[in-house]
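In this text, residue positions in the sequence shown follow the working numbering: the first is 57, and each later residue adds one.
Below is one structure, written out as structure tokens, with a few remarks after it.
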Amino acid sequence: MSVILLADDSPHAQRMGERILREEGYQVVTLADGQTAAERLLGIDPDVVIADVFLPSRNGFDLCRHVKSNYRYMRVILTAGMLETLDEGEAKRAGCDAILKKPFEASVIMETIRPLVQEAQLARGLFAEDMAAQPAPQPTAPQPTPGTGANPVSGSGLTDPERVHAAIALALQAALPMLAREIAEKVLVALGH
57 MSVILLADDS
67 PHAQRMGERI
77 LREEGYQVVT
87 LADGQTAAER
97 LLGIDPDVVI
107 ADVFLPSRNG
117 FDLCRHVKSN
127 YRYMRVILTA
137 GMLETLDEGE
147 AKRAGCDAIL
157 KKPFEASVIM
167 ETIRPLVQEA
177 QLARGLFAED
187 MAAQPAPQPT
197 APQPTPGTGA
207 NPVSGSGLTD
217 PERVHAAIAL
227 ALQAALPMLA
237 REIAEKVLVA
247 LGH
């Protein structure tokens, strides 16, 4: 089942979006601010993020840029109320895949979201194939934590989670530009472009 993250601070928009998407068989996670959405992306792992451009703590444009630079397979739909001004140029520069106006209309939201879910799943599959084809990194001996002289390995034999997270983040950051180009090429070939 495909997961959709709906980030909107309007309870009405959350209820409407959730109802429409659940009726179509999607799993929906709703959040009310952009910072929480950014922090929970990895755990939720959605195919599509629907974000209001006027979110508190981190606006939709910034959330979109974060998604596009860190989770290449995810698709982003930016939304705004019917009477709110949405800068479409800034939305495109942020990398959004589509724009929707609220209140949500079921046929329009589904017409927009279905192809994006398919693209995300295709990109996710291509990304997984590329990752599987990469040689496994060679393990390195644990190093003391800089400035503390402490060994990052605890008595239980487990590595410090923060160091593991940092190492993974650095490895992914180094590998993503090349992988993104390869994935984009494969997606374009698969889509016949």
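We put the CB at the ideal spot given by N, CA and C, even for glycine.
Three-way DSSP call (helix, strand, coil) for residue 77 in this model: Here residue 77 is taken as the residue at index 21 of the sequence shown, counted from 1. Residue state, collapsed to three classes: helix.
Would you mind reading off the limits of the alpha helix (DSSP H) that contains residue 248? If you number the sequence shown from 1, residue 248 lands on position 192. Element bounds for residue 248: n/a, residue is neither H nor E.
Beta carbon proximity, residue 142 to chain B, threshold 8 Å: No chain B is present in this structure, which holds just one protein chain.
Which of helix, strand or coil does DSSP assign to residue 137? Position 81 of the sequence shown, counted from the first residue, corresponds to residue 137. DSSP places residue 137 in strand when its eight states are reduced to three.
For a quick check, are the C-beta atoms of residue 172 and residue 85 less than 8 Å apart? Counted from its first residue, the sequence shown places residue 172 at position 116. Counted from its first residue, the sequence shown places residue 85 at position 29. Taking 8 Å as the Cβ cut-off, residue 172 and residue 85 do not qualify as a contacting pair.
Find out if the Cβ-Cβ distance for the pair residue 136, residue 110 is shorter than 8 Å. Reading the sequence shown from its first residue, position 80 is the one you call residue 136. Reading the sequence shown from its first residue, position 54 is the one you call residue 110. A contact, by the Cβ cut-off of 8 Å.
8 Å contact criterion, which residue 125 and residue 89 should meet: CB distance rounded: In the sequence shown, counting from the first residue as 1, residue 125 sits at position 69. In the sequence shown, counting from the first residue as 1, residue 89 sits at position 33. The Cβ separation is near 20 Å, so there is no contact.
By the three-class DSSP mapping on this structure, what secondary structure does residue 59 have? Position 3 of the sequence shown, counted from the start, is the residue given in the question as residue 59. In this structure, residue 59 counts as strand in the three-state DSSP scheme.
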